[in-house]
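Counting in this note's numbering, the sequence shown runs from 75 upward without gaps. Heads up, the beta-carbon is just placed ideally off N, CA and C, and yes, glycines get one too.
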Amino acid sequence: MLEKAVGEFAKLPGIGRKTAMRLVLHLLRQDNATVEAFSNAISTLKKEVKYCKVCHNISDTDVCRICSNPLRDATTVCVVENIRDVMAVENTQQYHGLYHVLGGVISPMDGIGPSDLEIESLVNRVKEGTVKEVILALSSTMEGDTTNFYIFRKLAGCEVKITMIARGISIGDELQYTDEVTLGRSIVNRVAFTGTI
């Protein structure tokens with residue numbers, strides 16, 4: 075039983091077998107009510123958290139609190155890879171528009187193509203006409219740049235300004251690990267995307 079529990083915890087990102095063992099042993103030392111509350115919290119999270127039908131961020135309603143907030147600038151959409159990137163940009167307090175979570179980046183080596191991502195729903199949002207600017211805020215990696223270019227091509231012909239965050243972020247860095255000040259400046263100082271990096 076112990077090995078099975080350790081094996082399950084070790085499947086979590088960033089958790090090796092040593093850390094998994096520490097977590098399992100910690101839970102074993104807790105009273106039944108604490109362990110039950112932990113278990114219920116995870117079970118409830120999985121059952122009740124949804125993905126926003128507009129931007130694909132996590133939400134407990136069909137439309138997330140950001141997309142449903144009338145104070146947000148609905149004419150600007152910041153395109154990010156994942157939900158952690160939404161949190162990172164929000165923490166800067168420099169951006170007041172909406173988001174679009176792709177769910178990753180194009181990565182043929184990992185078997186991820188454009189159809190595996192939420193790119194078509196982005197194109198459809200832009201075609202609705204409310205969005206006037208799309209900010210490409212993907213990681214400064216080969217895959218991020220490939221995805222930026224693909225989106226740029228898909229939006230060609232649409233009446234929308236395409237910008238990308240300024241490159242104060244080092245090449246190869248992931249957005250979620252960038253400090254808030256640098257990320258905030260990158261959002262504020264975004265530049266027009268021309269199809270080249």
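Secondary structure note for Thr-108: its alpha helix (DSSP H) is the uninterrupted segment 106-122. Judged by their CB atoms, Ala-211 and Val-154 are nearer to each other than the 7 Å cut-off. DSSP lists Leu-210, Val-265 as the beta-bridge partner residues of Met-238.
Relative to Ile-209, the option among His-100, Val-80, Ala-148, Phe-83 whose CA is nearest is Ala-148. Using a Cβ distance threshold of 7 Å, Ile-236 and Phe-226 count as a contacting pair. Short of 7 Å from the beta carbon of Pro-188, and not among the five residues preceding or following it, lie these beta carbons of its own chain, in chain order: Ile-180, Tyr-224. Its chain contains Val-80, Ala-84 as the residues whose beta carbon lies nearer than 7 Å to that of Arg-91, once the 5 sequence neighbours on both sides are disregarded; these appear in chain order.
Non-local C-beta neighbours of Cys-232 in its own chain, meaning closer than 8 Å and more than five positions away in sequence, comprise Val-197, Val-200, Lys-201, ordered along the chain. Boundaries of the alpha helix (DSSP H) harbouring His-100: 91-103, taken from the DSSP string. Around the C-beta of Gly-218, 16 or more other C-beta atoms lie within 10 Å, and the residue is accordingly described as buried. Setting aside the 5 residues that flank it on each side, Gly-203 is surrounded in the same chain by Glu-233, each with a C-beta closer than 8 Å to its C-beta; the list follows chain order.
In the DSSP assignment, Ala-162 falls outside any beta strand (DSSP E) and within the unbroken alpha helix (DSSP H) covering 157-166. In this model, Ile-89 and Lys-78 are separated by some 15 Å (Cα to Cα).
DSSP links Leu-172 through a beta bridge to Val-151. Assignment of Ser-142 by DSSP, reduced to helix, strand and coil, places it in the coil class. Ranked by how close their Cα comes to the Cα of Ala-266, the residues Gln-250, Glu-207, Leu-257 have Glu-207 in first place.
Ile-225 carries a helical assignment under DSSP once its states are collapsed to helix, strand and coil.
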